[in-house]
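For the protein sequence lines, the chains are A and B, in the order given. Per my numbering, the very first residue in the first sequence carries number 1; after that it's consecutive. Per my numbering, the very first residue in the second sequence carries number 324; after that it's consecutive. Presented below is the structure to which this report refers.
Protein chains: 2
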Amino acid sequence: MVTPRCTVGVDFGGTNIRVGLVTDQGRVIRRVVLRTRDHATPAAFVQGVRRAIDHLASHGGRRPNRIRGVRVGAPGLIDGRHGTVHELVNVPGGWRGVPLRRLLRQGLGRCCEVDNDANVVALGEWRLGAGRGTRDSLYLTLGTGVGGGIVSNGQLVRGALGTAAELGHTLIDPRGPRCGCGRRGCLEAFVSTASVLRSARLALRHGDRILARIMTQSGGPLTPALVARAAAAGSRFSLEIWRQVGYHLGLGLASLIHTLNPERIILGGGMAGAFRLFRGGMREAIRARAFKAPAGAAQIVRAQLGDRAGIVGAAMLVWEGSG
Amino acid sequence: MVTPRCTVGVDFGGTNIRVGLVTDQGRVIRRVVLRTRDHATPAAFVQGVRRAIDHLASHGGRRPNRIRGVRVGAPGLIDGRHGTVHELVNVPGGWRGVPLRRLLRQGLGRCCEVDNDANVVALGEWRLGAGRGTRDSLYLTLGTGVGGGIVSNGQLVRGALGTAAELGHTLIDPRGPRCGCGRRGCLEAFVSTASVLRSARLALRHGDRILARIMTQSGGPLTPALVARAAAAGSRFSLEIWRQVGYHLGLGLASLIHTLNPERIILGGGMAGAFRLFRGGMREAIRARAFKAPAGAAQIVRAQLGDRAGIVGAAMLVWEGSG
C-alpha cells in the first residue's frame with residue numbers, strides 16, 4: 001500500500017506541544033502530545049519534535065521520505081517570512097530572538113516553516129474549516145487573550161514584521177478597563193476570560209444565587225463555562241455579562257468590518273462556546289456601528305476544527321519561495 | 324516618432340472630473356478637466372469621458388489604438404470586482420446600483436475598470452509615490468471625510484463587497500463627537516475638516532486673537548489652512564487643535580497598526596498639509612497605544628502624488644482576469 005504524503009503540523013501551546021501527521025486534505029492520521037515544560041528551550045523543542053516525528057513514522061509504518069515537511073504554529077511575536085521568533089512568552093523563561101526555522105532545519109534535515117499560532121489557525125479554518133469557499137475571512141480566538149488572523153484575497157495578511165492581526169488590541173474605549181497589555185479599553189480587556197471572571201465575581205458579591213449554586217455544585221474554581229451555565233439556567237446577572245461581552249466584541253468587529261469587509265468572521269477559543277449567549281449583544285453593536293452592506297455581508301460563525309486546528313492549520317502553512 | 328502606449332485615468336470627484344493620459348511610468352502626458360455637475364448622470368459621464376479621450380488623442384497627435392484602456396476612480400461604495408457603483412453620493416441626485424463598467428465599455432468600446440477613489444489613490448501612491456518599495460502600506464485621505472486604501476502583500480485589500488478600508492469609521496471613543504455617518508466617536512468625527520472648524524469657532528469665541536487676525540486678513544471663510552497658519556503664528560488654541568487632531572488620528576492608527584502592521588502609512592488630502600502641526604500628537608498616541616515593534620516599523624509620511632494621484636492611481640488599476 002502506498003501511504004499518502006503527509007506534512008507534520010506542530011501546535012506549540014503553553015501547556016502542550018501537539019505534533020501530528022496531516023494529509024493534504026487536512027486529516028490528522030496520527031498525533032503525539034508532548035508537555036511544553038519538558039521542551040521549553042529551543043534545543044529541547046527541536047529534539048522533542050524530532051522524536052515525535054520518528055515515533056509517528058515508525059508507528060504508522062510510514063517511510064520517512066513520505067513525510068514532506070514540518071510546519072510550526074507558536075504563540076507570540078513571530079516573523080514567519082524569516083522563521084524567527086521575536087518573542088514567545090508562554091513558555092517558562094520565554095524566548096527572544098530565536099531563529100527557530102533554521103534550528104529546526106538543522107535538527108531535522110527537512111523543510112520547516114514557523115508562524116504565529118493564530119495565523120496558522122486562521123489559515124486552517126479558511127482552507128478546511130468554517131472559512132471554506134471565501135476569499136476574505138477573519139478569525140478571532142477568544143480565550144485568556146484575544147488573538148486573530150486575517151485572510152484577504154486568499155492570502156494571510158502578515159504585515160511588515162509578521163505581527164498583523166493583533167485584533168485583541170483594537171481600541172474600543174480609551175476609558176475602558178485595563179488590558180493585560182497595560183493599556184485601557186482594548187477589545188481583549190472587555191471580552192477575555194479575565195474580564196468575564198471579574199464581572200462574575202461582582203455578580204456573586206451582588207448575590208447571584210444561580211451562579212453561586214452552580215459554582216458550589218461544580219466544586220471547582222470559577223470559569224467562563226460556569227458563567228455560561230448560570231446564564232443558561234436563567235441568571236440575569238450572568239446573561240448580562242454575556243450580553244456585555246457580545247456588545248463589546250461587536251464594537252471591535254464593527255471597526256474590523258469597516259477596515260476589512262470580510263465575508264466570514266470565525267470565532268474560536270474557549271469563550272466561543274458561549275456563542276449563543278453573546279450573539280445578541282454582538283449583533284446589536286454591529287447594527288449600531290457598522291455600515292449596513294458590509295455588516296450584512298459578514299457571516300459570523302463558530303470555528304469548526306476544534307483543538308486539531310493548530311496542527312491542521314500549521315500543516316497548511318506554505319511560504320512563497322520557501323524550500 | 325512612436326508614442327508610448329497610454330492608459331486613460333479618470334478621477335471622478337465631487338467638483339471636477341479629471342481625465343488624463345498616463346504612461347506606464349505614471350507620467351501624465353496631458354489632461355482635461357470637466358465639471359461634475361455637467362456630467363452628473365451615468366450617460367452624461369460616459370459621453371464626457373468619450374469626448375475627453377477624443378480631445379486628448381487628437382491634440383496629442385496620438386493614434387487612438389495607442390490608448391490601452393480606461394480606468395475610473397470614483398467616490399462611494401463601489402464593487403470594483405464587477406465594476407458596479409452601489410452608491411455614489413457626491414454628485415447631484417446621487418447614483419445607486421449603476422453598472423458603470425458595462426456602460427463605459429459599451430459607450431467607449433474599450434476595456435474599462437472602475438474602483439473606489441481612495442483605493443485608486445492608495446494604489447497610485449504605493450506603485451509610484453510615497454509607498455514605493457513596500458509590500459504593505461496604508462493610505463489615509465484627511466479632508467471633508469476620512470477615507471483610505473490598504474495594500475497588503477502587494478495587493479489592494481478590497482474585501483467581499485469592495486468596501487474595505489473605510490478607515491474613517493474606525494472606532495475611537497463611543498462617547499466621542501457625532502460623525503457624519505450619525506454614529507459617535509469615529510476617527511472621522513475627530514480629524515475631519517468639520518471637526519477642526521468646530522474647534523476653531525470655539526477658539527474664536529474664547530478670544531483667540533491670532534486666529535481672529537488671520538481670518539480678518541484672509542477675508543474669506545474659516546478653513547483648516549487658516550487654523551494651520553494661526554498655529555504656525557503661535558496661537559496656542561490653534562496649536563492645541565492640531566495636537567488633538569494628531570492624538571485622535573494616532574489612536575486610530577494604533578488600531579490599524581495592530582490589525583495590519585504596515586511598513587508605511589501615507590497621509591494625503593487637504594488636512595495632511597498640517598502634518599508638522601499634528602505629527603507630535605499623533606506620535607504621542609501611537610507610542611501610548613501600539614506595540615513598540617510594529618509602531619516602530621510603520622513609517623508615517625505625506626503623500627507625494629498630489630492632485631494627480633487620482634488620475635495616476637486609476638491608470639494603475641488592473642483587475643485580475645479583467646479584459
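Cβ coordinates follow ideal geometry from the N, Cα and C atoms, glycine included.
Output the distance between the C-alpha atoms of residue i and residue j, rounded to the nearest integer angstrom.
i                : j                : result
Gly349 (chain B) : Ala626 (chain B) : 15 Å
Leu465 (chain B) : Leu510 (chain B) : 10 Å
Arg68 (chain A)  : His55 (chain A)  : 16 Å
Gly477 (chain B) : Gly159 (chain A) : 11 Å
Ile214 (chain A) : Leu525 (chain B) : 56 Å
Val514 (chain B) : Leu590 (chain B) : 12 Å
Trp565 (chain B) : Ala597 (chain B) : 8 Å
Thr15 (chain A)  : Thr36 (chain A)  : 5 Å
Gly148 (chain A) : Ala130 (chain A) : 14 Å
Val443 (chain B) : Leu463 (chain B) : 12 Å
Leu104 (chain A) : Arg110 (chain A) : 8 Å
Ile376 (chain B) : Ile473 (chain B) : 30 Å
Ala272 (chain A) : Ser541 (chain B) : 59 Å
Val414 (chain B) : Asp361 (chain B) : 10 Å
Val641 (chain B) : Leu574 (chain B) : 33 Å
Val33 (chain A)  : Val157 (chain A) : 29 Å
Ala293 (chain A) : Arg132 (chain A) : 22 Å
Thr486 (chain B) : Gly306 (chain A) : 31 Å
Does the distance from the CB of residue i to the CB of residue j come in under 8 Å?
i                : j                : result
Glu263 (chain A) : Arg135 (chain A) : yes
Asn261 (chain A) : Leu484 (chain B) : yes
Gly185 (chain A) : Arg198 (chain A) : no
Ile172 (chain A) : Leu494 (chain B) : yes
Arg389 (chain B) : Leu431 (chain B) : no
Ala674 (chain B) : Leu600 (chain B) : In this structure chain B extends from 324 to 646, so residue 674 (chain B) is not present and cannot be described.
Val19 (chain A)  : Val10 (chain A)  : yes
Ala231 (chain A) : Leu222 (chain A) : no
Val85 (chain A)  : Ala74 (chain A)  : yes
Gly124 (chain A) : Val8 (chain A)   : no
Ile588 (chain B) : Leu461 (chain B) : yes
His258 (chain A) : His581 (chain B) : no
Ala363 (chain B) : Gly406 (chain B) : no
When the cut-off is 8 Å and only beta carbons count, does residue i lie next to chain A?
i                : result
Leu576 (chain B) : no
Asn413 (chain B) : no
His529 (chain B) : no
Leu579 (chain B) : yes
Ile495 (chain B) : yes
Thr582 (chain B) : yes
Asp440 (chain B) : no
Ser518 (chain B) : no
Glu586 (chain B) : yes
Pro500 (chain B) : no
Arg664 (chain B) : An answer regarding residue 664 (chain B) cannot be provided, because it is not within the stretch 324 to 646 covered by chain B.
Identify whether residue i lies in helix, strand or coil by the three-state DSSP scheme.
i                : result
Arg30 (chain A)  : strand
Ala608 (chain B) : helix
Leu576 (chain B) : helix
Phe614 (chain B) : coil
Asp115 (chain A) : strand
Glu188 (chain A) : helix
His529 (chain B) : coil
His492 (chain B) : helix
Leu233 (chain A) : The question names Leu, but residue 233 (chain A) is Ala in the sequence shown. If DSSP states are grouped into helix, strand and coil, Ala233 (chain A) belongs with coil.
Thr407 (chain B) : strand
Arg625 (chain B) : strand
Asp347 (chain B) : coil
Ala164 (chain A) : coil
Arg96 (chain A)  : strand
Asp402 (chain B) : strand
Arg5 (chain A)   : coil
Tell me, please, whether the CB atom of residue i is closer than 8 Å to any CB atom in chain B?
i                : result
Ala164 (chain A) : yes
Ser238 (chain A) : no
Ala93 (chain A)  : One point to set straight first is that residue 93 (chain A) is Gly, not Ala, in the sequence displayed. So, not an interface residue.
Leu317 (chain A) : no
Gly7 (chain A)   : The sequence shown places Thr at residue 7 (chain A), not Gly. It does not: the Cβ of Thr7 (chain A) has no partner Cβ on chain B nearer than 8 Å.
Arg127 (chain A) : no
Gly159 (chain A) : yes
Phe291 (chain A) : yes
Pro99 (chain A)  : no
Taking 7 Å as the line, does the beta carbon of residue i fall inside it for any heavy atom of the ligand ADP?
i                : result
Thr407 (chain B) : Only the bare structure without any ligand can be found here, which leaves the ligand ADP out of the picture.
Problem - the region 103-122 of chain A / the region 68-80 of chain A touching (three or more Cβ pairs under 8 Å) - result: yes
Problem - Three or more C-beta pairs below 8 Å linking the region 608-627 of chain B and the region 422-434 of chain B - result: no
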